[in-house]
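Protein chains: 2
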Amino acid sequence: MRRGLLLILSSPSGAGKSTLARRLMSWDRTIRFSVSATTRQPRPGEEDGREYYFRSREVFETMVKTGEMLEHAEVFGNLYGSPKGPVEAAMKEGRDTLFDIDWQGGQQIRNSSLGRDVVSIFVLPPSIAELESRLRGRAQDSDEVIAGRMAKSRDEISHWAEYDYVIVNRDIDTAFNELTTILQAERLKRDRQPDLSEFVRTLNTEFASR
Amino acid sequence: MRRGLLLILSSPSGAGKSTLARRLMSWDRTIRFSVSATTRQPRPGEEDGREYYFRSREVFETMVKTGEMLEHAEVFGNLYGSPKGPVEAAMKEGRDTLFDIDWQGGQQIRNSSLGRDVVSIFVLPPSIAELESRLRGRAQDSDEVIAGRMAKSRDEISHWAEYDYVIVNRDIDTAFNELTTILQAERLKRDRQPDLSEFVRTLNTEFASR
Chain A
1 MRRGLLLILS
11 SPSGAGKSTL
21 ARRLMSWDRT
31 IRFSVSATTR
41 QPRPGEEDGR
51 EYYFRSREVF
61 ETMVKTGEML
71 EHAEVFGNLY
81 GSPKGPVEAA
91 MKEGRDTLFD
101 IDWQGGQQIR
111 NSSLGRDVVS
121 IFVLPPSIAE
131 LESRLRGRAQ
141 DSDEVIAGRM
151 AKSRDEISHW
161 AEYDYVIVNR
171 DIDTAFNELT
181 TILQAERLKR
191 DRQPDLSEFV
201 RTLNTEFASR
Chain B
1 MRRGLLLILS
11 SPSGAGKSTL
21 ARRLMSWDRT
31 IRFSVSATTR
41 QPRPGEEDGR
51 EYYFRSREVF
61 ETMVKTGEML
71 EHAEVFGNLY
81 GSPKGPVEAA
91 MKEGRDTLFD
101 IDWQGGQQIR
111 NSSLGRDVVS
121 IFVLPPSIAE
131 LESRLRGRAQ
141 DSDEVIAGRM
151 AKSRDEISHW
161 AEYDYVIVNR
171 DIDTAFNELT
181 TILQAERLKR
191 DRQPDLSEFV
201 RTLNTEFASR
């Protein structure tokens, strides 16, 4: 059975990453979404294990120390990270794991022991005007909050060149099509098809018995 | 403008490689097919520059010496090779070049100065019985000729693990779909989209002028 791969999707907030991630999960239901752990308080309606694993700072830090976090970072005073156990379990079942994380998480996973299983994709907005309008459109936030998000977006975009693939999200259907194309091609890579060795052995047996 | 890539398609004879190559050329008419040079005599109906560039051994060997051949090999007493000039011209125009060549040619191009622009795909037959039936089906050849081709096929298949991607041609439509998927994904790789640097610069200018 093939080993699952780690699909990392990063982008500035507002570039369409979450929509793409959600559509990918319905497109192929074998993909596992990596739910992050966080020390921040749950918001109304958020459920432990669905939006996030909500953990105390003490528990989170112990997980980091014992190597149970594939990556983690502090953002606005809260810790966020990707637990390693579920990822390894999915990989062994031949299932791919999708990570909706920022450049810091992407860097850490690429540099981890699972780095060779990573396929990383960066999603760029068509323009900054479009990015800002999407950020403004989805919530009634103050100019200050928007300015903070825009600064974070600029920082995120500065890391685009660290990714294997880049999708410019001018149109969500085209972008989604590009995303599935990348995933399908990656699954066709020789070193992601371990069953092939066995298959070629059967071909050779067939040659020998002609 | 992006730099064209070198798409190498190899497979044992009878695995469907030529059908795939032909379909790919109609699917995207910007792709350039690499016509090989050879020292063998033209067969009736073959045209210089279409099936092959027919060259004398003297001319061919001079081309090898002056570095005008990207790869070459001797097969059954005749020299075959891929002229470098047209490939470099296509790359500069942002056009991909398709090579329908064997493992020896594939190895040489991967190890050439253009190696980093190579995407290599190996096409496997679903079974040896199927391979033999396709070889027998297309011509009235003697058992001896068939046996020679089968031996060559076995040798070709032994190099499958040197390729980036592997397609098992169980069904030609599925195989073709996989081929175009690979090509489209490769074109989305960051380092094959040189225009992106300029695009991100415009995004940064937009950020700065907010």
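These protein sequence lines are chains A and B, in that order. At position 20 of the first sequence (counting the first as 1) the number is 20 in this note's numbering, and the numbers step up by one without a gap. At position 139 of the second sequence (counting the first as 1) the number is 139 in this note's numbering, and the numbers step up by one without a gap. The C-beta atom is built at its ideal place from N, Cα and C for all residues, glycine as well.
For the segment 170-193 of chain A, residues whose beta-carbon sits nearer than 8 angstroms to a beta-carbon of chain B comprise GLU178, THR181, ILE182, GLN184, ALA185, GLU186, LEU188, LYS189, ARG190, GLN193.
Under the DSSP definition of a beta bridge, A:VAL119 partners with A:LEU7. With contacts defined by Cβ atoms closer than 9 angstroms, B:ASP96 and B:ALA89 do not form a contacting pair. Taking a C-beta distance under 9 angstroms as the contact criterion, A:VAL168 and B:PHE199 qualify as a contact pair. At a C-beta separation below 8 angstroms, B:ALA129 has these neighbours in chain A: GLU206. Within its own chain, the residues whose Cβ lies closer than 8 angstroms to the Cβ of A:ILE121, once the five positions on either side in sequence are excluded, are LEU7, ILE8, LEU9, SER10, TYR163, ASP164, TYR165, VAL166, ILE167, LEU179, ILE182, listed in chain order. Annotation for A:GLU178: the continuous alpha helix (DSSP H) segment containing it runs 172-187. Between the beta-carbon of B:ARG55 and that of B:THR39 there is about 6 angstroms, and that keeps the pair under the 8 angstroms contact cut. Taking 9 angstroms as the threshold, the shortest C-beta distance from A:ARG95 to chain B does not fall below it. The beta carbon of B:ASP48 does not come within 9 angstroms of any beta carbon belonging to chain A, so the residue lies off that interface. Only exposed fits B:GLY45, as fewer than 16 other CB atoms lie within 10 angstroms of its CB. Note that the segment 67-75 of chain A touches the segment 92-109 of chain A; at least 3 beta-carbon pairs, one per stretch, sit closer than 8 angstroms.
Following the DSSP letters along the chain, one finds B:PRO86 inside the alpha helix (DSSP H) bounded by residues 84-92. Chain-order list of chain A residues neighbouring B:ARG154: PHE207, by C-beta distance under 7 angstroms. Interface with chain A (9 angstroms Cβ-Cβ cutoff): B:MET150 is included. In its chain, beyond the 5 residues on either side, GLY16, LEU20, VAL123, ILE167, VAL168, ASN169 have a beta carbon closer than 8 angstroms to the beta carbon of A:ALA175. In the structure shown, B:ASP143 adopts helical secondary structure according to DSSP, grouped into three states. A:TYR52 is bridged by DSSP to A:ASP48. Out of A:ILE101, A:ARG187, A:ASP173, A:GLU58, the CA that lies nearest to the CA of A:GLU156 is found in A:ILE101. Around B:ALA161, the beta-carbon contacts reaching into chain A at under 7 angstroms are ARG190.
By alpha-carbon distance to B:GLU206, the top candidate from A:PRO194, A:SER153, A:VAL59, A:LEU188 is A:SER153.
Going by DSSP, B:THR202 is part of no beta strand (DSSP E) but of the alpha helix (DSSP H) stretching over 195-208. Listed along chain B, the residues sitting closer than 7 angstroms to A:ASP164 by beta-carbon distance are LYS189, ARG190. Check the Cα spacing between A:THR202 and each of B:ARG201, B:ARG50, B:ILE172, B:SER158: the tightest is with B:SER158.
Chain-order list of chain A residues neighbouring B:ILE157: VAL200, LEU203, ASN204, PHE207, by C-beta distance under 9 angstroms. Among the residues facing chain B, A:ILE109 is not included, as its CB has no counterpart in that chain under 9 angstroms away. In the DSSP annotation of this structure, B:THR39 is not part of any beta strand (DSSP E), being labelled neither H nor E.
Contacts between A:LEU196 and chain B, judged by CB atoms closer than 9 angstroms, involve LEU124, TRP160, ALA161, VAL166, VAL168 in chain order. Rounded to whole angstroms, the Cβ separation of A:PRO194 and A:ARG3 is 7 angstroms, and the two are in contact under 8 angstroms. When Cβ-Cβ separations below 9 angstroms define contact, B:GLU132 makes contact with chain A. If you compare the alpha carbons of B:TRP27, B:ARG190, B:GLY105 with that of A:ALA161, the shortest gap goes to B:ARG190. Residue-level contact check: B:ARG210 touches chain A, since one or more beta carbons of chain A fall below 9 angstroms from its beta carbon. Under DSSP, B:VAL166 takes part in a beta bridge, and its partners are B:PHE122. Ranked by Cα distance from A:PRO86, the first of A:GLY14, A:GLN140, A:LYS65, A:TYR53 is A:TYR53. Distances from the alpha-carbon of A:LEU98 to those of A:MET25, A:LEU79, A:PRO125, A:PHE60 put A:MET25 closest.
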